[in-house]
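Okay, so here's the structure we're looking at.
Residue numbers (my numbering): 3 to 940.
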């Protein structure tokens, strides 16, 4: 039969080849393609190496003005509607253009010629061309593809999460005369507007003397094997959609069009710019900051001062003559000094950035941008030699009321300063902000209708800054805001109602929650992250609830009442206790009376660090079969089995979820990192069920098991447990061999799960599960377990035993119940086919009795009468799904013989195969394996 089967397969394969590559290709059948031409195979997009995590302060995707979607003078959203087209000069240099077309748009949900999901639109014949020796040849039947946030040549798994979100990739599929152009072209960073090459040409075809690319692979699989965006950009997209290609690309591409690879040009000393001659390095080039000379950064900060105003607060950075020290000050327009923080240089953080730390260990990253004409610190941007004009007018008047009782006049400003109600006598008019003068002039124009404007002005009064307001003598004829703000604006005077002045403190903290947990030392294991503090202000800041949160203990809360407010500071009291809270240099933080930071309203509680939770602790498996013991700082983990065998692990890093950490196993040939996590307030520890070669990968992908409980007794060291721990014993059921008996010992051996596995479904049979627990030692090769006997509603003990300390057989009192590394021969064929009927289309039928050991054969159908009866003789010892059956009429008048009968595992009981002829002995019948077409189960 096997020779016949091979011949059949050969015929089928020849037929498939003669039909082309789409012979019953499910991708071809089910996936709609935007290309009418034949599809190819999906490129190998498997990542070469897993991506490496980057510290946040060094991440070029988080630091730098190129991360602004409006970088380059226009918004990234343009690329959502812009179409893309490509033509080619005679020297093969591409001409790329982005453009709007009201009649066409990107159509989603299609596949390109390589079955890669994409958007597309149809080009117009003649709209794109390819240059040749005879002139420009129109590209016809063109389909242009767009891949949003998806490199069609390289899996997303090869990049850190979110890296590709800003990139669009483009390709084309069309005809230029006799040449088919299927080409992956460029990637565009919609934020920075830079263009990158992302595909390496790996195959060409000679068409009329030209080498035409026909296959591509990701740049990441060639050259330096870097992400495509780390190579020097090849150009940029201008605001009008035209594309500038840099000189280095034009020269290198034209010199060898089909061999072009992007490069990192070491001679480029700065980042690429949006200029015709602006070639340079990629903003995303990963740099080893340890190789950067600190002076290349610090020299650009020496003796410089940067500042910016944020509403009513002026912030200033001042560097000393060495730039090793920088001072940050904050000054409130009304309340004056808000504090000073001094930082000292600690290390280079990037090409143009440095890390500074203060005396309490707080670190900030200061990044020089725009050739150091600005700096950025994560909160805001600051301008070199900032000339402070003062706060905008609306912030100076927001929420305030000005009154002149003598003249019965009131100005009442909205909370945002964008409007005010002017009342004189019984008449009230509402004015809306239109424009302000230079803030130093303290003037603004408001309007009732937008057609005429009234100029008003703030002035100091009786030693009160902005204590007086006044306006122009009239708004009549003031048809624009600038006209309205001319002159002295000294009429309609009113004076500040000091009770109306919004409290900066109250306005800042009301309704907010401030939180603090020490997250400065994730790798220390000193326990400092175990305690946390929370300050919750009610909606008008008249109450403050202060909570001390001690890990594993009840929170302790105290509610304080507002006693008084003085500028940026407030005093709260509760039963003789006093809390002084003030605002300071960081607008998101509150400080104590001495100016020390207390808590941050933007902070989130991620719980304590893993090291702080587990340090000095021991966790024991519930079945006492293994334990985890941590050193005093948590950095050394010793894992011990009940046998006494132990493995040591070294702490590597804390996960982004702080209750997880990665540890590296000691004494291994290759790096093996394991993930651990704590739950239930540190009371339960689990370890990953496997290891990976990189700590970030195991922290991201781990599945957890190996559960243990904090301080739950001591290990049980037992030879029997050591022998059976983690082992699986199996054997076929003696009554119904379609059931596989399986005993699975826990990782420590102290519990067992018994199940019957159904051969038809490969799943446990419902109701078959029995759990054995409560282990008691009987001897070195025997152990007693308990199980719940649901039939008799009792707890029953049973003894298991093994044949040695390296067991291959498992026994119960009833006899052997399993083998370790069981070589499963499958169920007996008679248990599979019993009681079933199998038939061919010709009518030939086999009817199997209820034992499976007697088969009636009807050659011409049941209605034509019985032909013969087969009787079971023996099974194949290796494969119990094959057996020999005795037929007394096998050779007609010549006598009896044996037929081979088989069930194929992959088809289960659906098909019955019978040998094409009978043989004289059962062994010959089984070993011949020469089967005809199957009989199908009815």
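The beta carbon of each residue, even a glycine, is placed where N, CA and C say it ideally should be.
In terms of residues, what are the limits of the beta strand (DSSP E) holding residue i?
| i | result |
| --- | --- |
| residue 406 | 403-406 |
| residue 386 | 383-386 |
| residue 723 | Careful: residue 723 lies outside any beta strand (DSSP E), inside the alpha helix (DSSP H) at 721-726. |
| residue 780 | 772-781 |
| residue 334 | 327-334 |
| residue 79 | No beta strand (DSSP E) holds residue 79; DSSP gives it neither H nor E. |
| residue 350 | 338-352 |
Give me the residue from the options with the minimum Cα distance to residue i.
| i | options | result |
| --- | --- | --- |
| residue 1 | 665, 451, 209, 435 | Here the chain has residues from 3 to 940 only, and residue 1 is not among them. |
| residue 773 | 155, 618, 408, 753 | 753 |
| residue 151 | 405, 120, 759 | 120 |
| residue 581 | 610, 618, 546, 467 | 546 |
| residue 920 | 450, 899, 438 | 899 |
| residue 352 | 401, 300, 384 | 300 |
| residue 688 | 734, 622, 648 | 622 |
| residue 270 | 340, 724, 260, 283 | 283 |
| residue 497 | 477, 539, 412 | 412 |
| residue 707 | 327, 690, 551, 385 | 690 |
| residue 662 | 634, 624, 614, 97 | 614 |
| residue 880 | 832, 182, 828 | 828 |
| residue 128 | 108, 118, 90 | 90 |
| residue 890 | 859, 136, 356 | 859 |
| residue 565 | 365, 817, 508, 358 | 508 |
State the CB to CB distance for the pair residue i and residue j, rounded to an integer number of angstroms; the pair is presumed to be in contact (CB under 8 Å).
| i | j | result |
| --- | --- | --- |
| residue 486 | residue 534 | Between residue 534 and residue 486 the Cβ distance is about 54 Å, and since that is not below 8 Å, they are no contact. |
| residue 838 | residue 850 | 5 Å |
| residue 593 | residue 584 | 5 Å |
| residue 74 | residue 276 | 6 Å |
| residue 165 | residue 63 | 6 Å |
| residue 958 | residue 639 | Since the first residue of the chain shown is 3 and the last is 940, residue 958 is not available in this structure. |
| residue 720 | residue 779 | 5 Å |
For residue i, which residues in the same chain have their Cβ closer than 8 Å to its Cβ, ignoring the five residues on either side in sequence?
| i | result |
| --- | --- |
| residue 314 | 334, 335, 336, 393, 397, 398, 506 |
| residue 469 | 461, 462, 463, 497, 498 |
| residue 34 | Note that residue 34 scores a pLDDT of 35, beneath 50, so its modelled location is shaky and nothing firm can be said. |
Report yes if the C-beta of residue i is less than 6 Å from at least one heavy atom of the ligand FMN; otherwise report no.
| i | result |
| --- | --- |
| residue 362 | Ligands are entirely absent from the displayed structure, and the ligand FMN is therefore not among its contents. |
Short of 6 Å in beta carbon distance, which residues of its chain neighbour residue i, apart from the five on each side in sequence? Order them along the chain.
| i | result |
| --- | --- |
| residue 221 | 200, 202, 230 |
| residue 403 | 414, 499, 502 |
| residue 101 | 85, 243 |
| residue 6 | Here residue 6 scores only 39 on pLDDT, less than 50, and its place in the model should not be relied on; the value that follows carries that caveat. So the list is empty, once near-sequence residues are dropped. |
| residue 610 | 531, 532, 553 |
| residue 929 | none |
At which residues does the alpha helix (DSSP H) containing residue i begin and terminate?
| i | result |
| --- | --- |
| residue 398 | 395-399 |
| residue 486 | 483-486 |
| residue 612 | 612-616 |
| residue 507 | 506-511 |
| residue 927 | 924-930 |
| residue 821 | Residue 821 -> not in any alpha helix (DSSP H); beta strand (DSSP E) instead, spanning 817-822. |
| residue 253 | 249-257 |
| residue 832 | 831-835 |
| residue 299 | 297-300 |
Once you ignore the five residues that flank residue i on each side, which residues in its own chain have a CB closer than 7 Å to its CB?
| i | result |
| --- | --- |
| residue 489 | 474 |
| residue 39 | Legend: pLDDT at residue 39 = 41, less than 50; position of this residue unreliable, no value from coordinates given. |
| residue 649 | 641, 667 |
| residue 830 | 739, 877, 882 |
| residue 494 | 411, 472, 473 |
| residue 185 | 173, 174, 215 |
| residue 757 | 744, 766, 770, 771 |
Does the segment 264-274 come close enough to the segment 222-234 to have 3 or more Cβ pairs within less than 8 Å?
yes
The segment 761-778 / the segment 867-874 touching (three or more Cβ pairs under 8 Å)
no
Inspect the CB distances between the segment 202-213 and the segment 236-245 and report whether three or more fall short of 8 Å.
no
Inspect the CB distances between the segment 621-630 and the segment 659-671 and report whether three or more fall short of 8 Å.
no
Any contact between the segment 340-352 and the segment 408-424? By contact I mean 3 or more CB pairs, one from each, below 8 Å.
no
If contact is defined by three or more beta carbon pairs under 8 Å, each pair taking one atom from either stretch, is the segment 452-461 in contact with the segment 306-324?
no
For the pair the segment 368-377 and the segment 461-480, tell me if three or more CB-CB distances fall below 8 Å.
no
Under 8 Å: do the segment 170-177 and the segment 139-157 share three or more Cβ pairs, one atom per stretch?
yes
State whether the segment 776-791 contacts the segment 799-819, with contact taken as three or more CB pairs (one from each stretch) at a distance under 8 Å.
yes
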